[in-house]
Amino acid sequence: MMTQSWISREDQLPDDHQRVLAFIPGNKVFLPGKELEFEIREVLVLHFCANHFAGNPEKAKKHGIHFWAGEGSSNRYFNEVTHWMPMPSRLTLESTLD
533 MMTQSWISRE DQLPDDHQRV LAFIPGNKVF LPGKELEFEI REVLVLHFCA
583 NHFAGNPEKA KKHGIHFWAG EGSSNRYFNE VTHWMPMPSR LTLESTLD
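Numbering follows the numbering used here, in which position 1 of the sequence shown is assigned residue number 533; successive positions increment by one, without gaps.
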């Protein structure tokens, strides 16, 4: 069985617009209809956006030049994500279920 490992964003970045699993330590997701209740969800599906803030030096300096676009309302600034890995293929997922 082939397994993938987490990649530090300091070691390597995904390709531009690549869909990945992203690790965000301590990421709180507030629950709809629950007053200030939340769950910790440290892994999200995000798309890497290289040089997203290239035209905005102020934001690039504060948050990093790159950006992570979420699916829904889960966008993240570059520095929030510490590690990432490519999305597992269907074959990889099926082999882990056997």
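Virtual Cβ for every residue (Gly too), placed ideally from N, Cα, C.
In this text the structure is predicted, and so the values were computed from the model without any measurement.
Assigned with DSSP and collapsed to three states, Ala592 falls in helix. Annotated three-state conformation of Phe585 is coil, per DSSP.
Between His598 and Cys581, the C-beta gap is smaller than 8 Å, which places the two residues in contact.
A direct Cα-Cα distance of roughly 8 Å separates Leu576 from Ser606. Counting C-beta atoms within 10 angstroms of its own C-beta, Arg541 has 16 or more neighbours from the protein chains shown and is therefore classed as buried.
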